[in-house]
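Asks:
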Amino acid sequence: ITSADEAASPRVYVNNAAGNDASDGLSAIATGNSSGPVRTIMQALRTAKPGAKIILAPTGIDYRETVQIEGWNLGTAAAPLVIEGNGATVSGLVEVPPTLWKKGDGDRYFLDSEALTKLVPLGGMPKSNWLWQEPEAPAIFFLDGKPAPHAEKLEDLREGGFFYNVNAAPLRIWFRLPAGKEISQCKTELPGNHGVIINDDHVVVRNLASVYSSDDGFSTF
Numbered sequence: 009i010t011s012a013d014e015a016a017s018p019r020v021y022v023n024n025a026a027g028n029d030a031s032d033g034l035s036a037i038a039t040g041n042s043s044g045p046v047r048t049i050m051q052a053l054r055t056a057k058p059g060a061k062i063i064l065a066p067t068g069i070d071y072r073e074t075v076q077i078e079g080w081n082l083g084t085a086a087a088p089l090v091i092e093g094n095g096a097t098v099s100g101l102v103e104v105p106p107t108l109w110k111k112g113d114g115d116r117y118f119l120d121s122e123a124l125t126k127l128v129p130l131g132g133m134p135k136s137n138w139l140w141q142e143p144e145a146p147a148i149f150f151l152d153g154k155p156a157p158h159a160e161k162l163e164d165l166r167e168g169g170f171f172y173n174v175n176a177a178p179l180r181i182w183f184r185l186p187a188g189k190e191i192s193q194c195k196t197e198l199p200g201n202h203g204v205i206i207n208d209d210h211v212v213v214r215n216l217a218s219v220y221s222s223d224d225g226f227s228t229f
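Numbering (this note's numbering), first residue to last: 9 to 229.
1) Measure the alpha-carbon distance for residue 169 versus residue 175 and round it to whole angstroms.
2) What are the uninterrupted segments assigned as alpha helix (DSSP H) that are 4 or more residues long and contained completely in the region 9–53, given in chain order?
3) Would you check if the region 206–222 and the region 111–118 touch, i.e. whether three or more CB-CB distances between them fall below 8 Å?
4) Within a Cβ cutoff of 6 Å, which residues of the same chain sit near residue 183, ignoring the five residues on either side of it in sequence?
5) Which term fits residue 121, buried or exposed, when burial requires 16 or more other beta carbons within 10 angstroms of its beta carbon?
6) Once you ignore the five residues that flank residue 108 on each side, which residues in its own chain have a CB closer than 8 Å to its CB?
7) Please identify the residue among 32, 75, 189 whose C-alpha is closest to the C-alpha of residue 55.
8) Select from 110, 93, 155 the residue whose C-alpha is nearest the C-alpha of residue 191.
9) If distances are taken between C-alpha atoms only, which option among 25, 62, 203 comes closest to residue 34?
10) For residue 94, tell me which candidate among 71, 103, 106 has the shortest Cα-Cα distance.
11) Look up residue 80 in the DSSP assignment and give the residues it is bridged to.
12) Tell me the residue span of the beta strand (DSSP E) that contains residue 96.
13) For residue 82 versus residue 60, is the C-beta distance shorter than 8 Å?
14) Using CA coordinates, which residue listed in 44, 30, 160, 227 is at the minimum distance from residue 65?
15) With burial defined as no fewer than 16 other Cβ atoms inside 10 Å of the residue's Cβ, what is the status of residue 203: buried or exposed?
16) As a quick exercise: from 219, 153, 220, 49, pick the residue whose alpha carbon is nearest that of residue 89.
17) Output the distance between the C-alpha atoms of residue 150 and residue 198, rounded to the nearest integer angstrom.
18) With burial defined as no fewer than 16 other Cβ atoms inside 10 Å of the residue's Cβ, what is the status of residue 223: buried or exposed?
19) If we ignore side chains and look at the alpha-carbon of each, how far apart do residue 102 and residue 200 end up?
20) Per DSSP, residue 219 forms a beta bridge with which residues?
Right under this line is the structure:
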């Protein structure tokens, strides 16, 4: 791909702060009722023409979605699909509505597979335990915007912490309330989205980070 080819490619603009998925995506700034950036990367893929360049606005707000580039067939060797991240970040974190937590014993609550399906229809949560077994691994559970401690055993779960083990049956995510708080007062976030999945040929992704996904940050096939 040459700079001249890329300059001539059709554009789709994405802005997760000021965009609207009902817009046409043809301009970086809204200029009318339907003209302006879209809000999500997936909507940009839905509206993109072959050989398009999808341009993300670095708003300082994470793009919280699964970006699944599969079956779109929007790129060729001469005119690949380009996603220009401009330093933006895709985050796998999803916020858990307090009503999805089910009360266990005492001050412990849990999410079961039914609740997880409602939260993330495509399925989520890490597929292995390595994320908390490796000392350099990132935090993956958040309470009120801060990493929460993970217990290796349910009986060791402490206040404000989580327990999750992919080998446990039934598979549940456990959360213990902080002292003096109700579940309705807790903002909990978990890795439910899958990051960036590329299963099409001729796709270029630049300057885009992926964090806290339930699988690999980037998966390519």
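Positions of the beta carbon are idealized from the N, C-alpha and C atoms, including for glycine.
Replies: On the basis of the data shown:
1) 19 Å
2) Listed in chain order, the alpha helix (DSSP H) elements of length 4 or more contained wholly in the region 9–53 are 11–16.
3) no
4) Take residue 183, set aside five residues on each side of it, and the residues of its chain with a beta-carbon closer than 6 Å to its own are 117, 170, in chain order.
5) exposed
6) 119, 123, 126, 127
7) Residue 32 is the option with its Cα nearest to residue 55.
8) 110
9) 62
10) 71
11) The partner list for residue 80 (beta bridge, DSSP) is empty, contrary to what the question assumes.
12) Per DSSP, residue 96 belongs to the beta strand (DSSP E) from 89–99.
13) yes
14) 44
15) buried
16) 49
17) 7 Å
18) buried
19) 6 Å
20) Looking at the DSSP output, residue 219 shares a beta bridge with 99.
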